[in-house]
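All remarks here apply to the structure that follows.
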Amino acid sequence: MKHRQNGTVSDDQAGQFQKSFIWMYLELTKDQTYPINPDKVPSPAILIILMGSLGDIIRALCLICHLKSHWPQSRISWLVEARWAELIRLHRQIDKVIIFRREWRASALWQLCKELSQQDFDITLDLQRIFKSGLFSLLSGAKRRIGVHRNNAKELNWLFNNEHISYVDDNLSKLSHYLKFTEQLGLPAATALDFGFDRFDGNKILPTAVVEIQNSFIAVVMGSSWETKDWYFEGYCRLVQQILSFLKRDVVLLGDSSQSPAARRLSKNMDSHKVIDLTGNSLVEMTAVLKAAAAGVGPDSGPGHLAAAVGTPYVTLFGPTPPGRHAPYGCDHLVVQTEKDCIPCYKKRCPGRNRECMYDIDPERVMGKLIKALKR
Numbered sequence: 002m003k004h005r006q007n008g009t010v011s012d013d014q015a016g017q018f019q020k021s022f023i024w025m026y027l028e029l030t031k032d033q034t035y036p037i038n039p040d041k042v043p044s045p046a047i048l049i050i051l052m053g054s055l056g057d058i059i060r061a062l063c064l065i066c067h068l069k070s071h072w073p074q075s076r077i078s079w080l081v082e083a084r085w086a087e088l089i090r091l092h093r094q095i096d097k098v099i100i101f102r103r104e105w106r107a108s109a110l111w112q113l114c115k116e117l118s119q120q121d122f123d124i125t126l127d128l129q130r131i132f133k134s135g136l137f138s139l140l141s142g143a144k145r146r147i148g149v150h151r152n153n154a155k156e157l158n159w160l161f162n163n164e165h166i167s168y169v170d171d172n173l174s175k176l177s178h179y180l181k182f183t184e185q186l187g188l189p190a191a192t193a194l195d196f197g198f199d200r201f202d203g204n205k206i207l208p209t210a211v212v213e214i215q216n217s218f219i220a221v222v223m224g225s226s227w228e229t230k231d232w233y234f235e236g237y238c239r240l241v242q243q244i245l246s247f248l249k250r251d252v253v254l255l256g257d258s259s260q261s262p263a264a265r266r267l268s269k270n271m272d273s274h275k276v277i278d279l280t281g282n283s284l285v286e287m288t289a290v291l292k293a294a295a296a297g298v299g300p301d302s303g304p305g306h307l308a309a310a311v312g313t314p315y316v317t318l319f320g321p322t323p324p325g326r327h328a329p330y331g332c333d334h335l336v337v338q339t340e341k342d343c344i345p346c347y348k349k350r351c352p353g354r355n356r357e358c359m360y361d362i363d364p365e366r367v368m369g370k371l372i373k374a375l376k377r
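Position in the sequence shown (from 1) plus 1 gives the number in our numbering.
Structure, rendered in C-alpha cells:
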C-alpha cells in the first residue's frame with residue numbers, strides 16, 4: 002500500500018473514490034424531473050449553489066425574494082465562499098448560510114458533505130456551472146438538481162444535475178440567465194426585482210468619516226479583480242478633480258485592499274479632505290457606504306452590482322466584457338465603453354494591446370454619465 006504525505010490518498014482510498022465516481026456517473030445519467038406543486042409541498046428545502054464571484058452572487062440574490070413570494074414557507078440555504086458570507090447574511094430571507102472553504106482538504110470536504118446531507122433538500126439550484134458546484138449539487142441529495150444547459154456549462158458540470166435550463170447566449174443579461182432557474186421551477190416572471198437590502202440600515206455602521214460629510218458624496222470604485230477591467234490612474238485623477246470642482250461633492254474611494262495603494266496615491270495627489278479613502282474596509286461597510294452615496298462610478302466589478310442592488314445608480318466603465326450581459330441592474334443607460342474591434346475579449350490580461358479599451362475612456366464622457374445618474 003502506498004501512502005503520500007499531507008492528506009493525499011492511499012491506493013485503497015483511490016479505489017473507493019473510483020467506485021464512488023462510477024456510482025455518481027450512473028446516478029447522473031438519469032434525466033428525471035420532479036415537478037413540485039406548492040399546494041402539496043408548501044415548504045420545499047432549497048439549496049442555492051453560487052460560491053463566487055461577488056458580482057454574480059449579488060445578481061443572484063434577486064432569486065430569493067422571488068422564490069419566497071411564491072413559496073413563503075420554503076427554507077432556503079446558500080452555499081458560498083467564506084469571504085462573501087457576511088453579505089449573504091444581510092439578506093433577510095435566507096434561512097441558512099453554508100460555508101465552502103476553498104482548500105480541497107479531505108476533512109473540509111467531508112464536513113461539507115456531512116452538512117449537506119443533514120439538510121434534506123428538495124431542490125438544488127446550481128448557478129455556478131463548474132465541476133465543484135456540480136459535485137456539491139449531487140451531494141446535496143436533492144431530487145431536483147437544476148443546472149445550466151450543457152452548452153453553457155464548464156468542466157462537465159452538466160453531468161451532475163438531472164434538470165437543465167434552456168441554452169442562452171451572451172446577449173442575455175446574467176440576471177435574466179439566473180431567472181431562468183425560477184422559470185424552470187414553474188414560477189411566473191418577476192415583475193420587479195428585490196435583492197433583499199431594503200431593510201438594511203447601513204447608517205448604524207457607516208464609518209465616521211462618511212457620517213461627517215456635510216453634502217452628498219460620490220463613491221468611486223478603484224478597481225476590479227481583472228487587470229483588463231481597470232481604468233488608468235490619470236483618468237481617476239481627472240474624474241475626481243472634476244467631481245470636486247464642478248459637482249462640489251465629496252468623494253469616497255472604495256475597493257479591496259489590493260486597490261489601497263492606488264487610492265492612497267490618489268488621495269495624496271488631490272490633497273483634499275473631501276477625498277476619503279475607505280479601500281480595504283469590510284464588505285458590510287462598503288454596502289452601507291454605497292447605499293448612502295448619491296451615485297457610484299468605476300469598472301465592471303462586484304461593487305458596481307452591489308451599488309445597483311441597494312438602489313444607488315452606478316456608472317460602469319466597460320472594456321473586455323459586454324454591457325448587455327454585465328451592466329448592473331437598472332443602470333444600462335449609465336454605461337461607458339469605447340468602440341474597439343477586440344471587444345469583448347473576456348480576457349483577464351490584455352493580449353498585447355495595452356488595455357486600450359480602458360485607456361481610451363475619456364473622463365469627460367464618464368463625467369457626463371455621472372451627471373445623468375445624479376438627475377434620476
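Virtual Cβ for every residue (Gly too), placed ideally from N, Cα, C.
In the DSSP assignment, find the alpha helix (DSSP H) that holds residue i and state where it starts and stops.
i: residue 366; result: 364-375
i: residue 182; result: 175-185
i: residue 57; result: 55-61
i: residue 326; result: 324-327
i: residue 263; result: 261-271
i: residue 289; result: 284-293
i: residue 138; result: 132-140
i: residue 111; result: 107-118
i: residue 357; result: 357-360
If the criterion is Cβ atoms closer than 8 Å, does the pair residue i and residue j meet it?
i: residue 211; j: residue 309; result: no
i: residue 44; j: residue 70; result: no
i: residue 207; j: residue 191; result: no
i: residue 290; j: residue 374; result: no
i: residue 164; j: residue 151; result: no
i: residue 349; j: residue 227; result: yes
i: residue 230; j: residue 320; result: yes
i: residue 135; j: residue 173; result: no
i: residue 295; j: residue 246; result: no
i: residue 341; j: residue 357; result: yes
i: residue 117; j: residue 101; result: no
i: residue 323; j: residue 170; result: no
i: residue 263; j: residue 224; result: yes
i: residue 61; j: residue 122; result: no
i: residue 87; j: residue 284; result: yes
i: residue 153; j: residue 132; result: no
i: residue 378; j: residue 360; result: Here the chain covers residues 2 to 377 and nothing more, so residue 378 does not appear.
i: residue 336; j: residue 362; result: no
i: residue 241; j: residue 267; result: yes
i: residue 352; j: residue 236; result: no
i: residue 326; j: residue 343; result: no
i: residue 185; j: residue 214; result: no
i: residue 126; j: residue 65; result: no
Check for me: the beta strand (DSSP E) holding residue i runs from which residue to which?
i: residue 208; result: Run containing residue 208: none; DSSP gives neither H nor E here.
i: residue 160; result: Unbroken run through residue 160: none, as it is neither H nor E.
i: residue 234; result: No beta strand (DSSP E) contains residue 234, which is instead part of the alpha helix (DSSP H) from 234-243.
i: residue 82; result: 76-82
i: residue 100; result: 97-101
i: residue 190; result: From DSSP, residue 190 is part of no beta strand (DSSP E); its letter is neither H nor E.
i: residue 277; result: 276-278
i: residue 220; result: 218-222
Could you round the C-beta distance between residue i and residue j to whole angstroms and report it? I think they count as a contact, below 8 Å.
i: residue 318; j: residue 288; result: Their Cβ separation, rounded to whole angstroms, is 21 Å, which puts residue 318 and residue 288 out of contact at 8 Å.
i: residue 53; j: residue 82; result: 5 Å
i: residue 377; j: residue 314; result: 6 Å
i: residue 250; j: residue 219; result: 5 Å
i: residue 182; j: residue 128; result: 7 Å
i: residue 95; j: residue 77; result: 6 Å
i: residue 48; j: residue 143; result: 6 Å
i: residue 252; j: residue 244; result: 5 Å
i: residue 79; j: residue 59; result: Their Cβ separation, rounded to whole angstroms, is 12 Å, which puts residue 79 and residue 59 out of contact at 8 Å.
i: residue 297; j: residue 222; result: 6 Å
Any idea which residues DSSP pairs residue i with across the strands?
i: residue 89; result: In DSSP, residue 89 forms no bridge with anything.
i: residue 317; result: 299, 336
i: residue 127; result: 50
i: residue 148; result: 165
i: residue 255; result: 222
Indicate, with yes or no, if the ligand PLP has a heavy atom lying under 7 Å from the CB of residue i.
i: residue 259; result: This structure simply doesn't include the ligand PLP, nor any ligand for that matter.
Could you tell me whether the region 255-267 touches the region 186-201, where touching means 3 or more Cβ pairs closer than 8 Å?
no
Pairing CB atoms from the region 296-307 with CB atoms from the region 260-280, are three or more of them under 8 Å?
no
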